[in-house]
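Residue numbers (full-length UniProt numbering): 1 to 340.
Notes to accompany the following structure.
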Amino acid sequence: MKKIGFLSFGHWANHPAYQARTASDTLLQSIDLAVAAEEIGVDGAYFRVHHFARQLASPFPLLAAIGAKTNTIEIGTGVIDMRYENPLYMVEDAGAADLISGGRLQLGISRGSPEQVIDGWRHFGYEPEQGETDADMGRKKALEFLERLKGEGFAQPNPNPMFPNPPGLLRLEPHAEGLRERIWWGAASNATAVWAAHQGMYLQSSTLKFDENGKPFHIQQAEQIRLYKEAWKEAGHKREPRVSVSRSIFALMNDQDRMYFGQQAKDADSFGYIESDKRAIFGKSYAAEPDKLIAELAQDEALQEADTILLTIPNTLGVDYNVHVLDSILKHVAPGLGWR
């Protein structure tokens, strides 16, 4: 059994073939999709966060709205770029969204990825300290976020407050009990996966990672996951670790599916550069009839190692079609792989 969720990048554009043509369309359809996905048995609704782009950017209003309209589905991000964040304000936003959802938030964060603009975090008022890289800044903010999520007091109270204070140092409110243990780290390398394990964060591994040994993508990703699990055990955490991997998987059930995705399957991994000095390997996408999909996915080592699968969805094609995409996987592919 595996948890199966969807991952939406939240695109919109004024394109005649798109159902999501405005930001409002994307936000409202994201809520509707999460509600419908819960009804058909999907386990998680996850959303990518991108700034300076016609995509979802501020996750907490959306997560809170979904939390208020659903009951069981996990709600998360994949991932929030910590270079742009005020960790303390984020603790408050995340705490409120988690309480609204009844403790279902699963927040994926990371030190950041390639951006739409040059050093976009500078426009948000953030600068790395002397001798620090922007990646260092993102990781440092992540650690502060984790520390403040514990709910321990750290701020000296005003001796003449507007309202009475409880005794001792004050913490951020609202505090969401247990949220500290539901934070995930998006890791593109083996080293950062190990670092995440030491910090007690779950692991999110996407459809790309840095190419560290030339092996096929799914094997490199499986190795990354195994290193993470070993590091988690060595760190002595009492919880069980969780690992998610994302994949583009489409079951070709009808002519519409074949029109959209019949020619889009990638038979092999590809390579590129998401940073100027680091080659990345991109995993292949899957599009085929269910029986063929089951046979292909059974050979994906990383899928075997993960407990959670995030299916990337074409959100611009609208709620109804994406419900069909997800339902096809749940009914016709997942049982054949032992995921259901």
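C-beta atoms are modelled at their ideal positions from N, C-alpha and C, and glycine is treated no differently.
Treat the numbers as computed from the prediction; the structure is a model and nothing was measured.
**Message:** For A94 and A142, I'd like the C-alpha separation in whole angstroms.
**Reply:** 13 Å
**Request:** Just mark Y273 as buried or exposed, buried being the case when its beta carbon has 16 or more other beta carbons within 10 Å.
**Result:** exposed
**Message:** For T77, list the residues DSSP reports as bridge partners.
**Reply:** F47
**Asked** With 16 other CB atoms within 10 Å as the buried threshold, where does L169 fall?
**Response** exposed
**Prompt:** Taking DSSP as the reference, what is the three-state secondary structure of V294?
**Reply:** Before going further, note that residue 294 is Ile rather than Val in the sequence given. DSSP places I294 in helix when its eight states are reduced to three.
**Message:** Buried or exposed, going by whether 16 or more other CB atoms sit within 10 Å of the CB of Y89?
**Reply:** exposed
**Request:** Compare the C-alpha of V91 against each of A176, P61, Q220, L7 and name the closest.
**Result:** A176
**Item:** Distance, A298 Cα to P87 Cα
**Value:** 40 Å
**Asked** What three-state label does DSSP hand A268 in the structure shown?
**Response** coil
**Message:** Please state the DSSP three-state secondary structure of A280.
**Reply:** strand
**Asked** Sorted by chain position, which residues of the same chain lie with C-beta nearer than 6 Å to L208's C-beta, five sequence neighbours on each side aside?
**Response** A280, F282
**Request:** With a 10 Å radius around its C-beta and 16 neighbouring C-beta atoms as the bar for buried, classify V117 as buried or exposed.
**Result:** exposed
**Request:** Express the C-alpha separation of A20 and T70 in angstroms, rounding to a whole number.
**Result:** 22 Å
**Prompt:** Any idea if P314 is buried or exposed, counting beta-carbon neighbours within 10 angstroms, 16 or more meaning buried?
**Reply:** buried
**Item:** Contact set for A268: own chain, Cβ-Cβ below 7 Å, skip 5 residues either direction
**Value:** K284
**Item:** Minimum C-alpha distance to Y260 - residue among T316, D300, A155, L337
**Value:** T316
**Prompt:** What distance in whole Å lies between the Cβ atoms of K3 and D300, which are believed to be in contact at a cut-off of 8 Å?
**Reply:** So it is not a contact: roughly 16 Å between Cβ atoms.
**Asked** Can you name, in chain order, every residue of its own chain whose Cβ lies under 7 Å from the Cβ of W232, other than the five neighbours on each side?
**Response** A197, P241
**Message:** On the criterion of 16 or more Cβ atoms from any shown chain inside 10 Å, does G125 qualify as buried, or is it exposed?
**Reply:** exposed
**Prompt:** Among F9, D81, A23, which has the Cα closest to the Cα of Y46?
**Reply:** F9
**Request:** May I have the straight-line CA-CA distance separating A96 from E115, to the nearest angstrom?
**Result:** 28 Å
**Exposed unless 16 or more other CB atoms sit within 10 angstroms - verdict on H218** = buried
**Asked** Apart from the five residues on each side of it in sequence, which residues of its chain come closer than 8 Å, Cβ to Cβ, to F154?
**Response** R148, L169, L170, R171
**Contacts around W339, its chain only, beta-carbon distance under 6 Å, and the 5 residues preceding and following it disregarded** = K2
**Prompt:** Quick one, which of H11, A23, P166, K331 has its alpha-carbon nearest E289's?
**Reply:** K331
**Item:** Exposure of I40, with buried meaning 16 or more beta-carbon neighbours within 10 Å
**Value:** exposed
**Message:** Just to confirm my understanding: we take F6, look at its own chain, exclude 5 residues before and 5 after, and list those with CB closer than 8 Å. What are they?
**Reply:** L33, A37, V42, G44, A45, Y46, L310, L311, T312, I313, N322, L326
**Asked** Smallest Cα separation from Q256: which of D277, H324, R54?
**Response** H324
**Prompt:** The beta strand (DSSP E) spanning G112 covers which residue range?
**Reply:** No beta strand (DSSP E) contains G112, which DSSP labels as neither H nor E.
**Cβ-based burial, Q29 [other Cβ within 10 Å; buried from 16]** = buried
**Request:** Could you spell out where the beta strand (DSSP E) holding Y202 opens and where it closes?
**Result:** 202 to 205
**Prompt:** Going by C-alpha distance, which of L99, P128, K150 is nearest K140?
**Reply:** P128
**Request:** For K209, write down the residues that DSSP places opposite it in a beta bridge.
**Result:** I281
**Asked** With a Cβ-Cβ cutoff of 9 Å, do G138 and G108 count as a contact?
**Response** no
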